[in-house]
Each structure stands twice: as structure tokens, then as C-alpha cells.
Amino acid sequence: MNLTREISLEPVGQISSVPQTQDEKVRAIATMSDMLLQSAKDQSSDVYRSREGLIDYNTTVKSCLALLMSCLNRDFSLTSKLEAIIHFKMARILFDETENLSDALDSITRAISLVSRLDDNYLSLQMEILYFQIMFKKNRLQSLKLLDRKILDLQKLNDQSLSLVLQFVGLQYIRVAKDSSVYQNMLTDLVRKSTLHSGRNPHLLAACLLYRINSSIYSGNLPIAQKDLSQLETLIDKTFPIQIRAMFLLSQLLCSLMECDPVKSKERIYMVDQFLKHQKSKGFANWKSERFLIMVSSTVENDNDRHHQTPLAIEWMSSTEFTILTFFYCGMNYLLRTWDGKQRALTLFKMCHHLIDKELASDFKCSLNELESKTLKLRYWKILINIYEALDCLNNGGVLAFQAKRRSSSKDFKPLFEFIKNYEGGQFSSQELAVYHKLVPQIFYLLAVESHHLGDYERAKKFYSKVRKSCTSMETELNNRNFVNDDTVVSLKQLFAGVGPERGGPLDLYNQLYCLSTLNLYVLNCHDVIMLKGRDKSESQTSNQLSKAWKLRGVLLDDLHQMCSQQDNLSQSDPLLTATMSLISDLNWFGDLARLPKINFTTMGSRELEKLCSIAPYLAAMLFYLRGSTGSGLVGSDEEPKSQQQIKALKRSFELWVSAGKIGRTGSKSNNLGYLCATQMCRVMESNPIEFSLEQVKVQKEFMQKVKEDDE
């Protein structure tokens, strides 16, 4: 979120009216400069698409600056306040529209010097914010020190509200410039202080809470996000800007998605859907731009206890972008239930693509820098959505045809394949790479999953390893972002583009892709070890391969054990990841894997396993099958024989597999796990003649044969 205040000069009327006083003449010239700049912004979409109007755009910007410069002519006797505002407007244009930071700094320094003679802390505050933003690009450490000093100055004036505003503005810069622990500590302190002043400034507290909720969700810390959401829910009322309500609903929806809670998801999808329908019915009357205002109340004790209202603008997103993001999050929730054959996720993703294409074709009225950030964000979303569509395709047995010669034949994944082609061909600028680079680990994961699915295990291992190297806190050749010289610049670009900065993002065991790649790589590593142990160890090649496999196994086991032991990492809050870990734990006792050293995973309990049945029935079916086959991890009464518990687990697996298979989208009658369940039940019964009669075994064998015939 960006937090600024617009400082403007009130127009003297229509341009056709004749200014009489010197003051009116200056105001008229400044107004003309504003209108001229806005006329350039009105054409920015055409300039951005064709580049032919770039010279005209820059010429207009120069004309705006020239008009403002003319106001500083000695013929005009300007008041200090008016002169300060002219310098401020020049600094803003130089900062927003050009790369001339030196002149921008000179202008804002002059403005601050002039306004310091006045008794106007609020005008001074806005100029200090711009000064900080300019300085951050020139010397970030010095700028952060200056910000701290200004915050202390406001606190000395007993103006806690405006000092909180400055802290809020500075947070996003601290997020990309300092260690994540520093950022989190400052954010926690800001929420605490805002809570103390919530009676006077509930909107500011809401903005601070939303900032921390966003940060907590981004880093995978759901407990903090849920706690803040509960506090925010009691705070929001009808006086709040509609965008704050929208942020709250989206955050709730995203939390339920990360929890994989179908009941909460259904409730929150309904809530956000009703909100969206209501806003559409009113034509988004209170949501006409990406900016909305909150009012900050402030009382300065040594200023005769004067009460002030300062309007502050928060940059977020347009109503169309909110609609896109709502459809995307709802689609991701439904993606967990694609086995039901209703294809709701794909329908919503298609609606997202339609809205993004429509938005990209629109004429935006903003600066070129703002337009670039908006365009990069929309294109980033389009590729990201296509990645989830590709994952859905793989989950349902499809093939993506990632090989270059086959990409052109696939229309469903055109945005994804075009991105890969342009990325491999070096077609992106450094500005584009700063944003798009975040997609690379997800594409590596797609390549790994498809290769794994097709049985190309060597290729799969290569890309799973690349994901781990891309998402680790250790510096590797894949996460050094060598297309720019400064990580902070990259993260700031990502932040302003609305895609989340890499700095401070989840890494290692807090990163979902890292955890999933570790689990999949471990399974393939187990396969390698078993296969290599069966070969002639006297061959040097086999010996070297086995040595490398054992070495990799040690690295993976270290990560897997940490997943189980650490209470704050991703595996503790992600039920699907927990279920996958439990599945691998059960596999330790099955077939050839039983010959390898065990992982001390905590197996999923019966209550969690039953909950999993409604979220991921195929995964639950596999867990029941393994427990029924191996006899490990079973939950039953002490009086019930183990063989009976095994049969119950195998029957539950069969029921889940058949019920999910019947309503699956593929329409396939294949029920191979069902046949394995029926076969395994026969084996358990035959191995326990005391518990099962010959007649029961006979009936089971007939059933097994029927399942086999149905499968054929």
C-alpha cells in the first residue's frame, strides 16, 4: 500500500477568466500546469503501446515544469507558502515523471526550507514524505535515518497520529531495505500503537492491521493473520471506505484457502460474492479509482490543543482488479475440488483472463511509471492464473507439452508458453524481469511435476532441485537476480507493481514450493537408492551414483525432520502438506521402502484423516490403503483385532476411490486402486483364518474378480 497526500492549489475558475492579482496569476499558471500534465496522462496508454508518442509526452512534462518555473520569476511576489507549494509540485513531477533525482531533491529541499518558516506541520509532513521517497532512491540508509528523526520530532510535539502516519509510509521501504525481522518488529509496534489510538483513528488502525494481515499471509503465518482479522472484524463499520471492507473479505478468503477448510471457504466465498454483486449493482459508486481516502485526526498539545483532520490517500487496486482477484481466489478454492467434475475453478479462471484482457485494452489515465506497474501486474496475474490451470491439467492426467517444438500446438497455455519463450530468448527488460522473475520457481515446479508424471525421473529431479535452489535463503545461482545490481530495487519494483516483494517472502521450510519439491525429491531419491542397491556395487559408476544418492538423502532428511520438529513452519498450518508427509511416513512401511531407514513423521490422526476425505479424497484413499495394507498407523479399540482394523481401512479406501472416481471429470472407469484394495482385503483375510471364515474369503475373491472385470 502506498500512502500519500495530494497537495494542490485551488483553481481560480475557468481558464477563460482573467486573473487580477499576482496570487491569482500564479494559481492560474499552476492550474494550467496540472491540466497539461493530466492531458498527457490521458494519452499514456497510447504512448505505452506504440512508443511513438513518448517524445510528445516528455515534451508535455517539460512544459509543465517550465510553467511552474515561470511562477518563480522575480516579477511575482509569492508568499512563502505559495512558493513552497510550487517547489513541491515541481519536485513531484521530477520524481514521478523523470529520472532527475538531483533537481527533484533541490526543489523539495527548497520547499521544506520555506515551509519551516510557517506554522503548518501538515504541509511540512507531506513534503517530508516526498523528500524521504526521493532520498530513498539516492541514499536509502540516510533516508531511513531521516525518517526516524522526523518521527521523533512529531512525537515530541505529542502528535502520535501523524508520527504513526510516517511510520506507516516508511514501512514498505523498510520491508525491502532491511532484514525481515526488523520489518516484522516495526509492524508489530505500529499495530500496538495504532490500537492505543484506535478511538481517534480507527481507519488508520484498520490500514495497519491490513498491512500486517497481508504480511502474515504472505509469509505463511496464519495464526497472526487470523487474530488480526478477528480484531478488524469488530472494528469495521459503515463509515469505513468500501475498499477496506473489500480487503478484509479477500484476506478472509485467502486464509480459508490456506487452511484448506471447505466449510469456511464456502461461507467466505458466499460473503465476498454477495459483496461483489452489491457493489456491481451500484456501479461501484464509491470505488472510482485505485486510490481511496482515510482521515487522520490529530491534536497537538502545544498548539492550543487544535484538532486537525488530514486526508491521506492509500493506493490499492481498481474495482476491476478486485473482481479479478476475487474470481482468482475463489477459483483456487475450487481447485481443491476439481475431482467433483464441476470445473468451477476453470470457469472462474477463464473469467479472470477475459477481465484481464479487457483491462489491458483499456485506456488508463495515469503516469507512464504507474501504467508500467499496472500493466506488469495484470500480465503477471495472467501468467500466474495460467500456471494454476496447468497444474489442474496435470492433476487430471493431462500433458502440457513443454518441449519447445510442441508448445505452439497448445492454445490453453498460450500465456505460459509465450512467457517461457520470451524469458529463454532474453526478450524482457530488466524492469519486466524484476516482476516476472518471481514466476520462475513455479514454472520449474510445473516442469518437474510433468516430468515426474511422464516417468522422466532424472529431468524431474533436476527441476525439483532448481525449485529448492530458487526458494532457499542460501545464495545460489538461481536466486541471485543477476539482471539488476540491487535487490532492494527489485523488491521495491515488485511491491509497487502489487505482486509482493521477494525480500521478506517465505523461504526454505516456510515456502510451499520448497516443501513440496523436497517431498517429491525424497520419493524419487528413495527410488534411486532402492534401484542402485540392487545393482552390482563393484561397478564404479554404480558406486558413485549410490554415494551421491545417499548424500542427497541426508540433505533431504534434514529438511524433512525439521518439517516435523519446527512448530512455526508451513507444514504445521497446511493440512494438505501434512497429509502428504503422513503418506510418505506410511510408505516407509510399504514394499521396498521398508528396507530403508525410517523417517519419524507424526502420522495423521483419524479425525484429521476423516476431514481430509472431503478435501482430497484421492489422497485420503491412498492413506487408508497404505494403513490397511501395512497395518501401521491404524486407530481402533484395543479389543478389535488388527486384521479387522485393516479391513475397515481398506474398505474406506475403496469407498473413497470409487465415489470420487464416479464423479470425476475424466469419465474414466479406471479403478486400479479399488482393485488393489479388493486384492489386499483378500490377502489380509487369508492371512488371518481365525478372524475370517472361508466363506468370507470366497465372497471377497468374487468381489475382487468383479472389480477387475469392471476395470477392464
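Numbering follows UniProt numbering, in which position 95 of the sequence shown is assigned residue number 95; successive positions increment by one, without gaps.
The beta carbon of each residue, even a glycine, is placed where N, CA and C say it ideally should be.
>> I'd like to confirm the pairing. Which residues does DSSP put opposite Q309 in its beta bridges?
In response: Along the sequence shown, read from residue 1 onward, the residue named residue 309 stands at position 309. In DSSP, Q309 forms a bridge with S297.
>> Could you pull the DSSP bridge partners for E267 from this structure?
In response: One-based indexing of the sequence shown puts residue 267 at position 267. None, per the DSSP bridge assignment.
> Under 8 angstroms, do I112 and S124 count as touching if we go by C-beta distance?
Replying inline: Looking up residue 112 in the sequence shown gives position 112. Looking up residue 124 in the sequence shown gives position 124. Yes, these two residues count as a Cβ contact at 8 angstroms.
>> Please report the distance separating the alpha-carbon of K698 from that of V684.
In response: The residue labelled residue 698 in the question sits at position 698 within the sequence shown. The residue labelled residue 684 in the question sits at position 684 within the sequence shown. Rounded to whole angstroms, the gap between the alpha carbons of K698 and V684 is 13 angstroms.
> Hey, Y388 and M317: beta-carbon distance below 8 angstroms or not?
Replying inline: For the purposes of this step, residue 388 is taken as the residue at position 388 of the sequence shown. For the purposes of this step, residue 317 is taken as the residue at position 317 of the sequence shown. Against a cut-off of 8 angstroms, the Cβ pair of M317 and Y388 comes out as no contact.
> Where L222 and V272 are concerned, what is the direct C-alpha to C-alpha distance, given to the nearest angstrom?
Replying inline: As a working mapping, residue 222 is identified with position 222 in the sequence shown. As a working mapping, residue 272 is identified with position 272 in the sequence shown. Roughly 20 angstroms separates the two Cα atoms.
> In angstroms, rounded to a whole number, what distance separates the CA positions of T338 and L152?
Replying inline: If you number the sequence shown from 1, residue 338 lands on position 338. If you number the sequence shown from 1, residue 152 lands on position 152. So the alpha carbons of these two residues sit roughly 54 angstroms apart.
> Around the Cβ of K382, are there at least 16 other Cβ atoms within 10 angstroms (buried) or fewer (exposed)?
Replying inline: Working through the sequence shown from its first residue, we reach residue 382 at position 382. It counts as buried.
> Any contact of the region 463 to 482 with the region 183 to 191, i.e. 3+ C-beta pairs under 8 angstroms?
Replying inline: No: fewer than three Cβ pairs fall under 8 angstroms.
>> Give me the residue from L609, Q243 and K238 with the minimum Cα distance to P575.
In response: Position 575 of the sequence shown holds residue 575. Looking at the Cα atoms, L609 is the closest of the given residues.
> Between L78 and D23, what straight-line distance do the alpha-carbon atoms span, to the nearest angstrom?
Replying inline: As a working mapping, residue 78 is identified with position 78 in the sequence shown. As a working mapping, residue 23 is identified with position 23 in the sequence shown. The straight-line gap from Cα to Cα measures roughly 7 angstroms.
> Between the C-alpha atoms of F703 and D586, what's the straight-line distance to the nearest angstrom?
Replying inline: For the purposes of this step, residue 703 is identified with residue 703 of the sequence shown, where counting begins at 1. For the purposes of this step, residue 586 is identified with residue 586 of the sequence shown, where counting begins at 1. Distance between the alpha carbons of F703 and D586 is about 27 angstroms.
>> Give me the residue from E695, S687, W657 and E450 with the minimum Cα distance to V707.
In response: Within the sequence shown, residue 707 is the residue found at index 707, counting from 1. Just measuring C-alpha positions, the residue of E695, S687, W657 and E450 sitting nearest V707 is W657.
>> Quick test of your reading: L101 and I86, contact by CB under 8 angstroms. State the CB separation rounded to the nearest angstrom.
In response: As a working note, residue 101 is residue 101 in the sequence shown. As a working note, residue 86 is residue 86 in the sequence shown. That belief does not hold up - the Cβ atoms of L101 and I86 are roughly 19 angstroms apart, past 8 angstroms.
>> Rounded to whole angstroms, what is the Cα-Cα separation between V499 and T59?
In response: Against the sequence shown, residue 499 aligns to sequence position 499. Against the sequence shown, residue 59 aligns to sequence position 59. Cα-Cα distance, rounded: 32 angstroms.
> For K469, which residues from the same chain have a beta carbon less than 8 angstroms from its beta carbon, with the 5 sequence-adjacent residues on both sides left out?
Replying inline: Residue mapping note: residue 469 aligns to position 469 of the sequence shown, counting from 1. So the qualifying residues of the chain are T476, E477, L478 and N479.
> So S256 is in the alpha helix (DSSP H); what residue range does that whole segment cover?
Replying inline: As a working mapping, residue 256 is identified with position 256 in the sequence shown. That run of the alpha helix (DSSP H) goes I242 to E259.
> Does DSSP classify M604 as helix, strand or coil?
Replying inline: Counting from one through the sequence shown, the residue named residue 604 turns up at place 604. Reduced to three states, the DSSP call for M604 is coil.
> Between K466 and the rest of its own chain, which residues show a CB-CB distance below 7 angstroms, the 5 nearest in sequence each way excluded?
Replying inline: As a first step, residue 466 must be located in the sequence shown, where it is residue number 466. Within the same chain, K466 has close Cβ partners F444 and L478.
>> Going by DSSP in three states, P262 sits in which element: helix, strand or coil?
In response: Working through the sequence shown from its first residue, we reach residue 262 at position 262. In the structure shown, P262 sits in a helix (DSSP, three-state: H, G or I).
> According to the neighbour-count rule (16 or more other Cβ atoms, all chains shown, within 10 Å of its Cβ), is T580 buried or exposed?
Replying inline: Stepping through the sequence shown from its first residue, residue 580 is reached at position 580. It counts as buried.
> Do you know how far the Cα of N286 is from the Cα of I242?
Replying inline: Within the sequence shown, the letter at position 242 stands for residue 242. Within the sequence shown, the letter at position 286 stands for residue 286. The straight-line gap from Cα to Cα measures roughly 7 angstroms.
> Can you give the Cα-Cα distance for K701 and N544, rounded to whole angstroms?
Replying inline: For the purposes of this step, residue 701 is taken as residue 701 along the sequence shown, with counting starting at 1. For the purposes of this step, residue 544 is taken as residue 544 along the sequence shown, with counting starting at 1. Rounded to whole angstroms, K701 to N544 spans 47 angstroms at the Cα level.
> What's the C-alpha gap between C71 and K280?
Replying inline: Position 71 of the sequence shown, counting from 1, holds the residue named residue 71. Position 280 of the sequence shown, counting from 1, holds the residue named residue 280. If I take the Cα positions, the gap works out to 45 angstroms.
>> With H, G and I counted as helix, E and B as strand and the rest as coil, what does DSSP make of N688?
In response: If you number the sequence shown from 1, residue 688 lands on position 688. In the structure shown, the three-state DSSP call for N688 is coil.
> Helix, strand or coil: which one does DSSP assign to M474?
Replying inline: Your numbering for residue 474 matches position 474 in the sequence shown. Looking at M474 - three-state DSSP - the assignment turns out to be coil, as it is neither helix nor strand.
>> Do A660 and Y618 count as a contact pair if the criterion is CB distance below 8 angstroms?
In response: The sequence position of residue 618 within the sequence shown is 618, counting from 1. The sequence position of residue 660 within the sequence shown is 660, counting from 1. Closer than 8 angstroms, so yes.
> So the alpha helix (DSSP H) I584 belongs to, where does it begin and stop?
Replying inline: On the sequence shown, residue 584 is found 584 positions in, with the first residue counted as 1. Segment P575 to L587, the alpha helix (DSSP H) holding I584.
> Do you know how far the Cα of A497 is from the Cα of K365?
Replying inline: The sequence position of residue 365 within the sequence shown is 365, counting from 1. The sequence position of residue 497 within the sequence shown is 497, counting from 1. Taking the straight line joining both Cα atoms gives about 17 angstroms.
> At which residue ranges does the region 486 to 547 contain complete alpha helix (DSSP H) runs of 4 or more residues, listed in the order of the chain?
Replying inline: 487 to 496 and 512 to 533
> Should P441 be counted as a contact of the ligand ZN given a C-beta to heavy atom distance under 7 angstroms?
Replying inline: Ligands in the displayed structure: none, and consequently the ligand ZN is not present.
>> So, under 8 angstroms CB-CB, F413 and N386 are touching, yes? Tell me the CB distance rounded to an integer number of Å.
In response: Within the sequence shown, residue 413 is the residue found at index 413, counting from 1. Within the sequence shown, residue 386 is the residue found at index 386, counting from 1. F413 to N386, Cβ: 6 angstroms. Contact.
> Exposed or buried, which one is P506 when buried takes at least 16 other CB atoms within 10 Å?
Replying inline: Looking up residue 506 in the sequence shown gives position 506. Its Cβ being crowded by 16 or more others within 10 Å, P506 is buried.
> Since L204 contacts S194 with CB under 8 angstroms, what's their CB separation in whole angstroms?
Replying inline: In the sequence shown, the residue the question calls residue 204 occupies position 204. In the sequence shown, the residue the question calls residue 194 occupies position 194. Cβ-Cβ separation between L204 and S194: approximately 6 angstroms, consistent with a contact (criterion under 8 angstroms).
> Quick one, are the C-beta atoms of V523 and E450 less than 8 angstroms apart?
Replying inline: For this step, residue 523 is matched to residue 523 along the sequence shown. For this step, residue 450 is matched to residue 450 along the sequence shown. No, Cβ-Cβ distance for V523 and E450 is not below 8 angstroms.
>> So within the region 330 to 372, which uninterrupted alpha helix (DSSP H) runs reach at least 4 residues, ignoring any that extend past its ends?
In response: Unbroken alpha helix (DSSP H) runs of no fewer than 4 residues, entirely contained in the region 330 to 372, are found at 344 to 360, following chain order.
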